[in-house]
Amino acid sequence: MAPLKTRTNTIKNCAIILAAGAMLGGCSVVSDALWPSLTGEDPAGNQKAQIIPPSRAESNPAPTLSPPPPALGRTNFVPPQVSRGATTGTYVGQRVVEVRGELQRLQSQINQQNTQLQSIRNLTVQHSQNYHTTVGAINSRLQVGTTPGNPALVNQWNVAQASLAQVENDIAQMNTLANGVASTSTLSAFLLETTRAAYGLSGAIDEDHRQLSILEDEVNRTVVLIDRLLNELSEDISRQSNYLSTERTNLTTLALAIKNGEILGSSLGNRAFSSAAPAASSGFASSPPASAGTRRPLVVIRFDRTNVQYEQPLYNAVSSALQRRPNAMFDLVAVAPNHGNAARVALSASSSKKNAETVLRSLSDMGLPLDRVRLSALTSKTAATNEVHLYVR
Numbered sequence: 000m001a002p003l004k005t006r007t008n009t010i011k012n013c014a015i016i017l018a019a020g021a022m023l024g025g026c027s028v029v030s031d032a033l034w035p036s037l038t039g040e041d042p043a044g045n046q047k048a049q050i051i052p053p054s055r056a057e058s059n060p061a062p063t064l065s066p067p068p069p070a071l072g073r074t075n076f077v078p079p080q081v082s083r084g085a086t087t088g089t090y091v092g093q094r095v096v097e098v099r100g101e102l103q104r105l106q107s108q109i110n111q112q113n114t115q116l117q118s119i120r121n122l123t124v125q126h127s128q129n130y131h132t133t134v135g136a137i138n139s140r141l142q143v144g145t146t147p148g149n150p151a152l153v154n155q156w157n158v159a160q161a162s163l164a165q166v167e168n169d170i171a172q173m174n175t176l177a178n179g180v181a182s183t184s185t186l187s188a189f190l191l192e193t194t195r196a197a198y199g200l201s202g203a204i205d206e207d208h209r210q211l212s213i214l215e216d217e218v219n220r221t222v223v224l225i226d227r228l229l230n231e232l233s234e235d236i237s238r239q240s241n242y243l244s245t246e247r248t249n250l251t252t253l254a255l256a257i258k259n260g261e262i263l264g265s266s267l268g269n270r271a272f273s274s275a276a277p278a279a280s281s282g283f284a285s286s287p288p289a290s291a292g293t294r295r296p297l298v299v300i301r302f303d304r305t306n307v308q309y310e311q312p313l314y315n316a317v318s319s320a321l322q323r324r325p326n327a328m329f330d331l332v333a334v335a336p337n338h339g340n341a342a343r344v345a346l347s348a349s350s351s352k353k354n355a356e357t358v359l360r361s362l363s364d365m366g367l368p369l370d371r372v373r374l375s376a377l378t379s380k381t382a383a384t385n386e387v388h389l390y391v392r
């Protein structure tokens, strides 16, 4: 009996092991069918994995939060050649020779201005690239995290500021050149009128008028070339000036990010596209907005400890609000607890106002125009500590 019982137990154990193996095999199939493959292969093995190439942003080794510098004009302004003509010996023929000489001097001046323009363009491109390379390195370091006020990033910020100052100097050179081209344009218009007036002089022969006709065409083409030069130069100055203004605010915001050791983003001023709003008062309003007690604040900053890290959440909130409403205005309210005697309440109110001014400076560093923010103060029985509320209006 004992051997029979042993064989029976052995058979039962084998059956249990086989059943467990079958169940485990079933779980494996279900798992392969429901869970995605981490290797990119099809679980069924029917198709090859589809490889998605990286986007341009993912392929960028130095991402930046600043837009690329505006493209400069590429036209090379070379005036047409001045034709030669035989001297006829008449008075009109002498005038033709004089006008031809004046046109040659005018074109020589245009060549000099064109050479200067191309040189300024090359320098501007180089300075802009240096600026964006430095800013990209700073943002890359901030993205992975760093210490507040990292000296290495401060030095890089100074280098970026110097590069931006060079761009500003390039714009000043463009303005100087534009003034010179404007004088050249006036001279070319006068030369064209002089050429046309020579047709009315008496004592001319057919050869004089033939040369005048050719000379008039050449002067006219030169006038058109100067106008194109002046227009393209004006467009370059306008685009570069707007770019410089934008990057100044971005650089200010970047300084705040370096101070905190964390990336913020581009300047909030670049997201405010409305016309200038009424100027904000220099001090706190005598009374808070009527709806301050009923509205839901966009941001509540509680100064219940020293060194409150509020800049990043504040930036994110205001940035989102400006994306939804580019014309948004803001109310910054200093809230002090109304607890204790009059002296304690007054002390809390004074401390709360200082906190609100600190937040206002942070908003200014982030690029938000101060004429969009209205300051006010109030006391609250529900507040447990000094707070600063930011409302959208």
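Residue numbers (numbering that gives the first Met the number 0): 0 to 392. C-beta: ideal position from N, C-alpha, C; glycine also. For clarity, every value in this text was computed on a predicted model and none was experimentally measured.
- Restricting attention to beta strand (DSSP E) runs no shorter than 3 residues, the stretch 112 to 144 encloses none.
- In the DSSP annotation of this structure, Leu362 is not part of any beta strand (DSSP E); the continuous alpha helix (DSSP H) holding it starts and ends at Ala341 to Asp364.
- Contact annotation: Val344 and Ala376 have beta-carbon atoms that are not nearer than 9 angstroms.
- Three or more beta-carbon pairs separated by less than 8 angstroms link the stretch 212 to 231 to the stretch 98 to 109, which places the two stretches in contact.
- Beta-bridge annotation (DSSP): Pro336 is paired with Ser379.
- Checking the DSSP bridge columns, you'll see Asp330 partnered with Arg373 and Tyr390.
- The DSSP-derived three-state label of Ile300 is strand.
- Each of Val391, Gln106 and Ala341 was checked against the Cα of Arg294, and the nearest Cα belongs to Val391.
- The alpha carbon of Asn113 has as its nearest neighbour, out of Ala85, Tyr130, Arg73 and Thr86, the alpha carbon of Arg73.
- One thing to note: Leu232 has its Cβ no nearer than 9 angstroms to the Cβ of Thr252.
- Contact annotation, Gly264 with Pro147: C-beta distance approximately 17 angstroms; criterion of less than 8 angstroms not satisfied.
- Taking the Cβ atoms as the reference, Pro79 lies roughly 15 angstroms from Thr183, outside the contact range of under 8 angstroms.
- Shown here, Gly199 sits in a helix according to DSSP, grouped into three states.
- For Leu224, the enclosing alpha helix (DSSP H) begins and ends at Asp205 to Asn259.
- Fewer than three Cβ pairs drawn from the stretch 197 to 212 and the stretch 165 to 172 lie within less than 8 angstroms of each other, which leaves the two stretches out of contact.
- Distance from the CA of Gln106 to the CA of Ala188, rounded to the nearest whole angstrom, comes to 13 angstroms.
- Between the stretch 230 to 244 and the stretch 85 to 93 there are fewer than three C-beta pairs closer than 8 angstroms, too few to call the two in contact.
- Rounded to whole angstroms, the gap between the alpha carbons of Thr378 and Ala316 is 24 angstroms.
- Rounded to the nearest angstrom, the gap between the Cα atoms of Leu122 and Ile137 is 23 angstroms.
- C-alpha of Ala196 to C-alpha of Ser82: approximately 20 angstroms in a straight line.
- In terms of Cβ geometry, Ala335 and Ala383 do not form a close pair [threshold 9 angstroms].
- Separation of the CB atoms of Asn149 and Ile262 is rounded to 12 angstroms, and the pair is thereby denied contact status at 8 angstroms.
- In the same chain as Ser240, and ignoring 5 residues on each side of it, the C-beta atoms closer than 7 angstroms to its own belong to Ile170, in chain order.
- Between the C-alpha atoms of Lys352 and Leu250 there is a straight-line separation of about 28 angstroms.
- Nearest to Asn337 by C-alpha distance, out of Leu346, Thr145 and Asn230, is Leu346.
- Around Leu200, the same chain offers Val91 as residues with beta carbons nearer than 6 angstroms, after the five sequence neighbours per side are excluded.
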